[in-house]
Amino acid sequence: MGSIAGVKRIMSKAYDGYAMLMIEFLYSKDLNEASQDVRDAISTIRADLPPEIKEPIVRKFNDTDRPIVSVAVSSSVLSSADLHPSR
């Protein structure tokens with residue numbers, strides 16, 4: 001994965017039964033191109049992975065899709081129903 005053009009950082013975590021690999025790309029790298037590059041890289045090493053593992057899943061995450069501001073409110077006077085935004 002480190003040989004893919006435009007990679008800024010690679011982070012990985014191993015858990016009991018699965019592993020997660022997160023690849024951060026430079027802002028200038030097209031997200032669709034980056035996803036395809038990752039799929040291509042997986043294809044080249046797939047035969048080296050144990051045959052009993054499930055097919056790796058590639059998900060795109062664009063940090064700009066997250067909200068810029070999150071707000072949490074609490075009150076010692078109002079109930080949670082009174083704090084609900086639809087009221």
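For the sequence shown, our numbering begins at 1 and goes up steadily by one.
Every residue gets a Cβ at the ideal spot worked out from N, C-alpha and C, and that includes glycine.
If you're wondering where the values come from, they're calculated on a predicted model, not measured in any experiment.
Residue i in three-state terms, based on DSSP
i: G2; result: coil
i: A34; result: helix
i: A47; result: helix
i: R59; result: coil
i: R66; result: coil
i: I53; result: coil
Element boundaries [alpha helix (DSSP H), containing residue i]
i: L83; result: S80 to L83
Beta-bridge partners of residue i, as assigned by DSSP
i: Y27; result: Y27 is not bridged to any residue.
i: A19; result: A14
Buried or exposed (CB count within 10 angstroms, at least 16 for buried), residue i
i: I45; result: exposed
i: F61; result: exposed
i: I57; result: exposed
i: I10; result: exposed
i: I68; result: exposed
i: I23; result: buried
Bounding residues of the beta strand (DSSP E) (the contiguous stretch that carries residue i)
i: K8; result: V7 to Y15
Indicate whether the contact test is met: 3 or more Cβ pairs, each with one atom in the segment 68-78 and one in the segment 36-53, closer than 8 Å. Segments in contact, no.
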